[in-house]
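Per numbering that gives the first Met the number 0, the sequence shown runs over residues 0 to 248.
Ideal Cβ positions, reconstructed from N, Cα and C, are used throughout, including at glycine.
Model, not experiment: these values are computed from the prediction.
Let me begin by presenting the structure, written as structure tokens, before commenting on it.
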Amino acid sequence: MTTVFSPKDVVSGSADLCAGGTLAQSLDVIHPSERRRRQLWAEFGLIYVGTPLLMRIAVFEYNVPLFYALPPVLIAFVAFLYFDRTFSLKTEASRGVARSTVLSILGTFIVGSALVGSLVAVLMPERLFALAAERPGLWLKIMVLYPFTSVLPQEFAYRVFFFHRYGPLFHSRWSLILVNALAFGFGHILFRNWIAVAGTFVIGLLLAWRYERTRSFAAVYMEHVLWGWLVFTIGLGVYFFTGVKNPAW
0 MTTVFSPKDV VSGSADLCAG GTLAQSLDVI HPSERRRRQL WAEFGLIYVG
50 TPLLMRIAVF EYNVPLFYAL PPVLIAFVAF LYFDRTFSLK TEASRGVARS
100 TVLSILGTFI VGSALVGSLV AVLMPERLFA LAAERPGLWL KIMVLYPFTS
150 VLPQEFAYRV FFFHRYGPLF HSRWSLILVN ALAFGFGHIL FRNWIAVAGT
200 FVIGLLLAWR YERTRSFAAV YMEHVLWGWL VFTIGLGVYF FTGVKNPAW
């Protein structure tokens with residue numbers, strides 16, 4: 000008989016770094032062998048390094064709209080998790096957001112948005128609220144579509160799937176959070192500017208920390224939406240959207 004443990008049953012080690020919907024797993028999954036670790040890291044490279052590079056080619060060489068390219072990514076990750084017998088989408092989706100977490104998200108966002116707004120006003124005043132003022136129709140379309148066509152696939156890929164699949168590779172929460180944020184930042188190289196990469200790395204640290212603390216998809220989804228709305232409203236959308244003139248490298 001195979002011995003299984005749930006993430007909550009293990010105080011130290013890797014299992015407690017898995018996603019919220021992760022079910023009981025065998026010991027060889029919780030503590031992967033060196034061969035298994037190499038396989039997972041190779042897979043990690045294909046997904047979190049290879050896929051962004053391919054999407055960059057698709058968007059800029061073949062003019063594939065990014066908002067159309069991301070939904071299939073969401074379908075692929077959800078399908079994988081659906082057929083994974085050590086993961087429960089129902090459990091993942093059922094995790095709500097505690098009142099204290101909501102207050103933390105809002106407090107962090109208020110302080111952060113004031114800081115970002117001040118920096119934009121001082122360093123690039125010509126961009127402040129530029130998209131909303133100059134192209135209100137496009138801005139409104141982004142506000143409506145962004146939570147569904149962009150945030151959903153990103154949070155499933157970078158938080159839920161990442162923590163479930165690759166959590167056992169890490170021995171500390173901080174190494175997991177750092178690598179997750181680095182992967183999240185690298186995923187935005189398709190925008191071809193350092194502001195998008197650096198900005199998403201910083202937000203990636205926050206989102207990875209939040210998910211590691213709460214194991215709540217709803218929490219990181221909410222937080223990601225807020226920061227995305229800020230980016231497109233405050234005047235930084237040009238760095239994060241391929242549908243407008245992008246100041247490329």
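Can you check which of these residues, ALA218, PHE66 and HIS223, is closest to SER99 by C-alpha distance? Checked all of ALA218, PHE66 and HIS223; the closest Cα to SER99 is ALA218.
To the nearest angstrom, how far is it from the Cα of PHE161 to the Cα of THR213? The alpha-carbon atoms of PHE161 and THR213 are separated by roughly 15 Å.
Same chain only: Cβ atoms within 7 Å of HIS187, ignoring 5 sequence neighbours per side: Listed in chain order, the non-local C-beta contacts of HIS187 below 7 Å within the same chain comprise ALA195, VAL196 and THR199, local neighbours out to five positions each way being set aside.
Range of the contiguous alpha helix (DSSP H) that encloses SER103: SER103 -> alpha helix (DSSP H) spans 98-122.
State the start and end residues of the unbroken alpha helix (DSSP H) segment that holds ALA197. DSSP places ALA197 in the uninterrupted alpha helix (DSSP H) bounded by 193-213.
When the Cα of ILE233 is compared with those of LEU118, SER93, LEU52 and ALA78, which residue comes out closest? The option with the nearest alpha carbon to ILE233 is LEU118.
Does the beta-carbon of LYS244 have 16 or more other beta-carbons within 10 angstroms, so that it is buried, or is it exposed? For LYS244, the pLDDT reaches just 48, beneath the cut-off of 50, and the residue's location in the model is therefore unreliable, although a value from the coordinates is still provided. Residue burial is scored here from C-beta neighbours: LYS244 has fewer than 16 other C-beta atoms within 10 angstroms and is therefore classed as exposed.
Taking the Cβ atom as the reference point for each residue, do GLY20 and LEU88 lie within a distance shorter than 9 Å? For GLY20 and LEU88, yes; Cβs fall inside 9 Å.
For the segment 219-229 against the segment 143-151, are there 3 or more C-beta pairs whose distance is under 8 Å? At 8 Å Cβ cutoff, the stretches touch.
Go ahead and label VAL121 buried or exposed: buried means 16 or more other beta carbons lie within 10 angstroms of its beta carbon, across all protein chains shown. Exposed, since its Cβ has fewer than 16 Cβ neighbours within 10 Å.
Here's a check: name, in chain order, each residue in its chain whose Cβ is nearer than 6 Å to the Cβ of GLN153, leaving out the five neighbours to either side. Sequence-distant Cβ neighbours of GLN153 in its own chain, meaning closer than 6 Å and more than five residues away, do not exist here.
Look at the alpha carbon of SER32 and the alpha carbon of LEU26, and state the distance between them as a whole number of angstroms. Straight-line Cα distance between these residues: approximately 10 Å.
Mapping the DSSP letters down to three states, classify PHE86 as helix, strand or coil. The answer is strand: DSSP assigns PHE86 an E or B state.
Closer than 6 Å by C-beta to LEU16: which residues in its own chain qualify, once you throw out the five before and the five after it? Chain order, please. Setting aside the 5 residues that flank it on each side, LEU16 is surrounded in the same chain by GLY166, PHE169 and LEU175, each with a C-beta closer than 6 Å to its C-beta; the list follows chain order.
So which of PHE190, PHE59, VAL159 and VAL101 has the shortest CA-CA distance to MET221? Per the C-alpha coordinates, the member of PHE190, PHE59, VAL159 and VAL101 positioned closest to MET221 is VAL101.
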